[in-house]
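Counting in this note's numbering, the sequence shown runs from 1 upward without gaps.
To keep things clear, I will list the structure first and then write my remarks on it.
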Amino acid sequence: MNNINYEYIQNYINQLLPESSGILRELEEYARENHVPIITHEVGNLLRILIKATNTKSILEIGTAIGYSTILMGMAAGEGFKITTIEKNKEMIDLAIKNIKAAGYENNITILEGDASEVLKSLKDSRDNYDMIFIDAAKGQYMDFLHLSFDKLKVGGLFICDNVLFRGMVAEKSLVIRRKITIVKRLRKFLSFISNHEAMQTVIIPIGDGISITLKQKEAKFDE
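Here's what the structure looks like:
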């Protein structure tokens with residue numbers, strides 16, 4: 001588990017939340033049995049609330065995995081939603097296609113195969129196209145993903161990133177594992193950037209492994 005809160009707090013919160021059912025429950029069980037990382041229950045519930053509260057219908061997701069968060073967001077968005085999701089792992093893509101079809105969302109969800117940085121560069125006709133961007137992919141590339149996707153988000157849209165506190169290492173130096181130093185440094189730089197940029201308003205919430213929610217207040221240009 002990557003949770004950064006005390007276990008008793010985590011357990012209490014999870015006891016309050018209704019259990020998943022149907023395909024989401026099946027995917028949670030699959031992920032647990034096969035050690036596939038997916039968003040935590042409370043992060044999923046937060047995404048549902050944000051999507052419903054903002055009437056989000058168009059979403060760009062970076063990091064599909066088995067399609068769990070993709071399907072969850074689609075359920076929250078409701079009729080007429082569109083999700084474009086990017087994944088580079090062929091095995092994960094095959095599983096996601098099967099799961100999305102089982103959920104009945106094959107006409108609403110498009111999976112793009114490839115490295116996210118390259119795929120994002122190819123989405124040249126999608127400026128201001130998305131109500132929300134959700135990222136749960138390579139943590140050391142979050143800044144790159146921001147630079148490549150921010151213009152694709154509508155003003156007033158939400159840019160959301162999971163695992164930003166990275167097992168607490170981002171917040172506490174003594175927890176940093178040597179082989180993770182580069183990722184931690186990049187995440188700290190990313191969080192400082194989105195917290196202080198004039199085009200953004202950001203909150204960082206310590207649930208799951210940490211989630212950042214950034215409101216796009218206006219268009220922005222970034223230095224290369």
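Ideal Cβ positions, reconstructed from N, Cα and C, are used throughout, including at glycine.
Which residue comes first and which comes last in the alpha helix (DSSP H) that contains residue i?
i	result
D231	The structure shown does not extend to residue 231, since the chain is modelled only from 1 through 224, so no value can be given for it.
V216	One point to set straight first is that residue 216 is Lys, not Val, in the sequence displayed. Note, K216: premise wrong, no alpha helix (DSSP H); beta strand (DSSP E) at 211-216.
V43	41-53
D144	142-149
V184	181-196
L16	7-16
With DSSP run on the structure shown, which of helix, strand or coil describes residue i?
i	result
G78	coil
S21	coil
L112	strand
K225	There is no way to answer for residue 225, as the model of the chain reaches only from 1 to 224.
G172	The residue asked about is misnamed: residue 172 is Glu in this sequence, not Gly. Correct three-state label for E172: coil.
A220	coil
I205	strand
I97	helix
M124	For the sequence presented, residue 124 should be read as Lys rather than Met. Coil.
I83	strand
Y30	helix
I'd like to know whether the C-beta atoms of residue i and residue j end up nearer to each other than 9 angstroms.
i	j	result
K88	D115	yes
I71	N99	yes
D209	F166	yes
I83	L60	yes
T64	T85	yes
I133	G157	yes
M169	I160	no
S20	H41	yes
Y142	F190	yes
F145	S126	no
N129	S58	yes
I211	V164	yes
A102	I23	yes
K121	L148	yes
Y105	G74	yes
I181	I13	no
Tell me whether residue i counts as near the ligand SAM, meaning its Cβ is closer than 8 angstroms to at least one heavy atom of that ligand.
i	result
M169	The ligand SAM is not part of this structure, which contains no ligands at all.
Skipping 5 residues on each side, what residues in its chain have a beta carbon closer than 6 angstroms to that of residue i?
i	result
V242	Nothing can be reported for residue 242, as the shown portion of the chain is limited to 1 through 224.
I183	K139, G140
G44	L72
A199	Q217, K218, A220
T175	The amino acid at residue 175 is misidentified as Thr; the sequence shows Leu. Here the set comprises G168, M169.
R186	G140
What are the boundary residues of the beta strand (DSSP E) that includes residue i?
i	result
I59	58-62
V155	153-162
Leaving out five residues before and five after residue i in sequence, what residues of the same chain have Cβ atoms less than 8 angstroms from its Cβ?
i	result
A96	T64, A65, I66, G67, T70, T85, E87, I111
I93	T64, E87, I111, E113
H197	A220
Can you list, in chain order, the residues of its chain with a C-beta nearer than 7 angstroms to that of residue i? Leave out the 5 residues immediately preceding and following it.
i	result
A225	No answer is possible for residue 225: the residues shown for the chain start at 1 and end at 224.
M1	Interpretation of M1 is limited by its pLDDT of 46, a score under 50 that renders its predicted location unreliable; no figure is taken from the coordinates.
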